[in-house]
Every structure is written in structure tokens, then in C-alpha cells.
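Q: The following block contains the structure, expressed as C-alpha cells.
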């Protein structure tokens, strides 16, 4: 187990980053966890809750960690992963120049690798909900092999260090995007990391990932936002409308609580796929509308029966 | 407690009727429960599960019960409540003619009422998700005062006697529609019944109910059906798309499992309100679409922030 005692640095101590730090430490994969959080209130909360062993700054975190988890919104993540990879490059230069590693987490640093293909064994991963842009942006980076692009498909509608929870990832799927662009060793380490989080790995091309998540995640958020807007509009006149909200409504509208900082860049980055799915969705709504407007009960029944097929598919 | 030992007859032993029969018996409100179920497989299942003490036919059930719960889909319910009220009329005639009550549940039968305003004390209730049509259809029935129109706002996406469960109604809202059209005594009895089911009563006009439920229940079902149709369309090409379905998707699409027998007449009866809400909803989707199409991140952020207000309202 001692080989698993990595120093893990998490940049962005929100729901995903915070939950990951918690379980990686508790389950012995991380010997030490470092965290970076630019929001001062959130940083203080992460300290108080004890999400990581130490909250520090970006440079110190990258310098001292074996594995760096970039867990910030997707717009910022692209820039940040590149910046981390740039620093990996600097470390490797200094290694070659001086023959001596800068201070860093001890266990992943293997001197035998210091002048090999992988200069210092550090790995950076992202956990973004869109994969094509970040994979494209890093494709030709000289340190690309030390980057593993992942999307652990877990979460809740809440955000921030307050939302972090143990066991968040257990049993869920984790996508590895363009895994062949990472070094086999870096990939294996991160596969092990997600194995400790009890996630099942799925491998796919970044572009394919973005199409699929538009269908099974992004559109759900848009439909929930639209539902909330529709009902909130009505609420202006009818103060007591929510007395009637049942479990069905709550479940359908739940995702409308989701954070704009996270979702604006996702919808914007996955622009083409999201628009395509929205168009199909609006067509289906129009079909339903026409059937109801025509009192065409046979057609409504057909549409519902077809929709019911989701039963056979959902776990 | 003995005054609460009514004979309760439930017509339609599905999720709602079956769950109600279970708890009314377990909690001592019903001394005996009778059930009517036209589907033979469901009737046999209800017997096996023990949802009611006895499964019988419609006439026998109405004759022997103090309280008749009509728990069939809304299209059929209108006719059936009227038919029960017609039978109440017949009973009252036979009472007046012979001075002797037909066989019926003992405790609610109060001989002092036999020639009073309420001939035999029997009560019928419906539990429909739309209220205007059933209230209009029964408005001038000579036995109207013995009808209490309710909508217990509880349920799951499953249906049939197999879906019935104890505690289904605990803590949820129950609408009483046009309560002033029922006799105070009948109303009080049914209020007590829902109190035993741990529901909180809300009183409103039938028409107002139908507007509100279009917003907080019916539209949620339509958006879930449309979401299921959208994703199932895609699934034809991409067999593995559902590997990626996360908790958020499952929760948003959950209502798409709902039964056509129940939902076709709801959408059809609440036609005008549902179309109105769908139009608002489609507008909101179009606003979102335009913002995404224009890469207008400020506008997307505004829309999400506005939708987020749902947090303050949902329990």
C-alpha cells in the first residue's frame, strides 16, 4: 500500500475536487493532500472542514504534488492544465540542468526516470464535463503524456466545499478521453486512483464523449433550467403555487439548482452538440403539443408508450 | 377509535387506491376494506398482496361500503363517481320506501339520518389529478353533497397493485376542490381520513387546482416524456449512450416511466392549461437556445441565475 501514498494536489476545492481529496486520503491512495482555492471564503471552509491536509498556492501545490487534479470550471481548466504542463516542462529542464529534483512529493519521484521520456513522473488530470476542447488544446504540448483527461460522472446539484462528501464517486462511471495520448504509466496510475474511488472506467474519444454527455447530461440541465423559469414566471402571480409541488416536480427541476459558473462554460464549449440535442428536444415538445392541441389521444398514447421504453434502459 | 371503523371500498386497486386501502386499514380508520379491480391479473395480485380484505364487484362494493374511493384514471372517474352517486339516490329511495337500509357497512349508517338531508351517510370521493371536469359533471347531481373531490398529491412513476406501498401519502399535500359543495359532515369525515394518512389539506377551486397542477405536475411529465423521446432517438445509433447516464439524467427523466392510461386523460382534460404552460416552456427553451447559439455567455448566466431561484422555493 505504501506505493500508493502519493501527494495529491487538488486545484479547486468544490464538490468534485473536495470529495476526491477526502476519499483519496481516507482510502490511503494519498499520503498527503494539498489544495488550492482562489475564493477566500471557500478556502477557509475547506480548511475548517478538513478537505485537504494543507491549503496552499498554485505554484507550491504543483511543485510538491505527484498528482495534480484540476477541478475548476471547464473554461478555466483548459488554461490551467496547460499551465501545469508548462511547469512540468520547467521542472524537467531544471532536473536535467542540475541533476537534482526540486522539492516535490517523495514517492512518485523515481530518479531512474529523471532523464527518461518522462522527466519527473508528475501527472496532471482534469475532471471536466466537456473533453474535446481541453484535449485539442493540449494535444501538441511536449508534456502531453503526463496529462490524463477524465470525467468522473458523479455530482449533485450543489457546489462548493460545503457540498463535498465521502463516497460521491462510488459505483459511477469515469470516462477516460483520448487515453492513448497519455503515457501508459501515467494512465495506469490514474486508473488505479479511480479504482480506489470505486469508479468503473469507460474509454472514448473526446469528441464522442461530448456528443454523449450532451444527450445524457447537458440537455437534462437545460430542460430543468427552462422548467424552473416557466414555473417561476407563473409564481409572480400565484404565490402559493409551490404548495402543490410534488416529488415528481422536485425531481424534474432539481438540476435547475446547478451552478452558473460550472454550466455557462459547459454549454458554451459543447455548443454544437447541445444545440443539436435542443433542436430534437424542441421538435418532440412540438409533436406533443400538436397531439394535445388536436385532442388526439391515440397519438398522445403512442408518444407516452414510446417514452416509456426508457424503463428498460435506466438502471 | 371505534367510530373510525368505517368500511372503505376502493375502486381501482392501483398505486393510489391500493396504498390508501393499506394505510387506512393498518391505521385503524377502516375496519374493513373492499376492493374492485376490473383487470383480472391486477385483481389477483391485489388479493395475493392483501391490499384489501376482499375483492368484489362494483355494485356490491358500493352497497357495503361507508366510504367509496374512486381511484381509476380521470377519464373513467367522471362516469364512475356519477354512477356511485346515482346508486346513493337509489339507496335513499329504498330507505324511504322500506324504512330499512340495504346491507351496508354498519358504523357509518346512522338511522337518524335515514330520512334526513343525507339519506344514508355514504360518501364517495375521487382522487383525480384534474378537478374541473369532475366537479362540473357532478355539480347538479341531487346527491352532490355526498361527494368529496380530492387530489392527494403523492405517487411514484410506477403503477398497478404492485406499486402500492404503506406511507405513500405521509407528509404530502391533499387538495380539496370545491369543498363547499360537499356536506360539512361528509367533508369532515374525509378530512379525518386524510389526516390519518398524514396529509396536509389545501382548499381551492377546481379550476384553480387545474392551473396550478399544470405548472407543478403536468408540465414536468411532458418535459420528461420529451426528454426520453429525444434520447431514445439518439440511442438508435449509439448503443452505449446510457452507460453515461448519471444521477441527474435519471432524476430528470424519471417521470417518463409514467403510465399512459393515467396520463392521456389528464393531458386531454387539462388541455387548455397544459398547452398554455407548454407554450411558455417552449419559449424559455428558445431563449436558452438563442443565447447558446449566440455564444452569449452573459445571457446564459442570467437565465441560469434566474432559474437558480428555484432553490429558495423547493423544500
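Residue numbers (the numbering used here), protein chains in the order written: chain A, 1258 to 1572; chain B, 1258 to 1572. Don't be surprised by glycine CBs; every beta carbon is placed ideally from N, CA and C.
1) Can you round the beta-carbon distance between residue 1267 (chain B) and residue 1292 (chain B) to whole angstroms, since I take them to be within the 8 Å contact cut?
2) May I ask you to verify whether the segment 1548 to 1564 of chain B touches the segment 1523 to 1530 of chain A, counting CB pairs closer than 8 Å and requiring at least 3?
3) Taking just the CA atoms, how far does residue 1518 (chain A) sit from residue 1269 (chain A)?
4) I want to verify the contact list: residues of chain B whose CB lies under 7 Å from the CB of residue 1472 (chain A), in sequence order.
5) For residue 1292 (chain B), which of helix, strand or coil comes out of DSSP?
6) If we ignore side chains and look at the alpha-carbon of each, how far apart do residue 1608 (chain A) and residue 1389 (chain A) end up?
7) What residues in the segment 1442 to 1468 of chain A bring their beta carbon closer than 7 Å to a beta carbon of chain B?
8) Assuming residue 1538 (chain B) is part of the alpha helix (DSSP H), what are its boundary residues?
9) Return no unless some Cβ of chain A is closer than 9 Å to the Cβ of residue 1272 (chain B).
10) List the whole-angstrom C-beta distance separating residue 1309 (chain B) from residue 1303 (chain B), where the pair is believed to meet the contact cut-off of C-beta under 8 Å.
11) Of all Cβ atoms in chain A, is any one closer than 9 Å to the Cβ of residue 1363 (chain B)?
12) Just the C-alpha distance for residue 1442 (chain A) and residue 1381 (chain A), rounded to the nearest angstrom, thanks.
13) For a contact defined as C-beta to C-beta under 8 Å, what are the partners of residue 1506 (chain B) on chain A?
14) Please give the ranges of any alpha helix (DSSP H) in the segment 1444 to 1475 of chain A, keeping only runs that are unbroken, at least 4 residues long and fully inside the region.
15) Give the range of the beta strand (DSSP E) segment to which residue 1407 (chain A) is assigned.
16) In terms of residue numbering, what span does the beta strand (DSSP E) encompassing residue 1327 (chain A) cover?
17) In this structure, does DSSP put residue 1555 (chain A) in helix, strand or coil?
18) Are the CB atoms of residue 1431 (chain B) and residue 1415 (chain B) within a distance shorter than 9 Å?
19) Which of the three DSSP states, helix, strand or coil, is assigned to residue 1311 (chain B)?
20) Quick check: the segment 1294 to 1301 of chain B against the segment 1529 to 1546 of chain A, are there 3 or more CB pairs under 8 Å?
21) Excluding the 5 residues preceding and the 5 following residue 1468 (chain A) in the sequence, name in chain order all residues of the same chain whose CB lies nearer than 6 Å to its CB.
22) On the DSSP bridge assignment, give the partners of residue 1380 (chain B) in chain order.
23) From the beta carbon of residue 1276 (chain B), is the nearest beta carbon of chain A less than 9 Å away?
24) Buried or exposed for residue 1305 (chain B), going by 16 or more other Cβ atoms inside 10 Å?
25) Against chain A, with Cβ distances strictly below 9 Å, would residue 1482 (chain B) count as a contact?
26) Counting only Cβ pairs nearer than 7 Å, list the residues of chain B close to residue 1520 (chain A).
27) Would you call residue 1330 (chain A) buried or exposed, if buried means 16 or more other Cβ atoms sit within 10 Å of its Cβ?
28) Report yes if the C-beta distance between residue 1563 (chain A) and residue 1521 (chain B) is below 9 Å; otherwise report no.
29) Determine the DSSP secondary structure at residue 1413 (chain A), reduced to helix, strand or coil.
30) Just verifying my parser: in three-state terms, what is the DSSP assignment at residue 1502 (chain A)?
31) Using 9 Å as the threshold, is the C-beta distance between residue 1386 (chain A) and residue 1264 (chain A) below it?
32) Taking only beta-carbon atoms, is residue 1545 (chain B) less than 9 Å away from chain A?
33) Taking residue 1434 (chain B) as part of the beta strand (DSSP E), name the residues at either end of that continuous run.
34) Return no unless some Cβ of chain A is closer than 9 Å to the Cβ of residue 1342 (chain B).
35) Touching or not, the segment 1477 to 1492 of chain A and the segment 1400 to 1409 of chain B, by the rule of three or more beta carbon pairs under 8 Å?
36) Among B:1317, B:1539, B:1391, which residue has its Cα nearest to the Cα of residue 1339 (chain B)?
A: Straight from the coordinates:
1) 5 Å
2) yes
3) 13 Å
4) 1488, 1491, 1498
5) strand
6) The structure shown does not extend to residue 1608 (chain A), since chain A spans only 1258 to 1572, so no value can be given for it.
7) 1459
8) 1528 to 1550
9) No, no contact with chain A.
10) 6 Å
11) Bear in mind that the predicted position of residue 1363 (chain B) carries a pLDDT of just 39, short of 50, making it unreliable; the figure below should be weighed with that in mind. Chain A contact via Cβ: absent.
12) Their Cα atoms are separated by approximately 13 Å.
13) 1473, 1474, 1477
14) 1463 to 1470
15) Membership of residue 1407 (chain A) in the beta strand (DSSP E) is indicated by the continuous run 1404 to 1409.
16) 1324 to 1327
17) helix
18) no
19) strand
20) no
21) Cβ-Cβ distances below 6 Å link residue 1468 (chain A) to 1530 in the same chain, with the five nearest sequence neighbours on each side left out; the list follows chain order.
22) B:1324
23) no
24) exposed
25) Answer yes: the Cβ-Cβ gap between residue 1482 (chain B) and chain A drops below 9 Å somewhere.
26) 1561
27) buried
28) no
29) coil
30) coil
31) no
32) yes
33) Segment 1430 to 1434, the beta strand (DSSP E) holding residue 1434 (chain B).
34) At a cut-off of 9 Å between C-beta atoms, residue 1342 (chain B) does not count as an interface residue with respect to chain A.
35) no
36) B:1391
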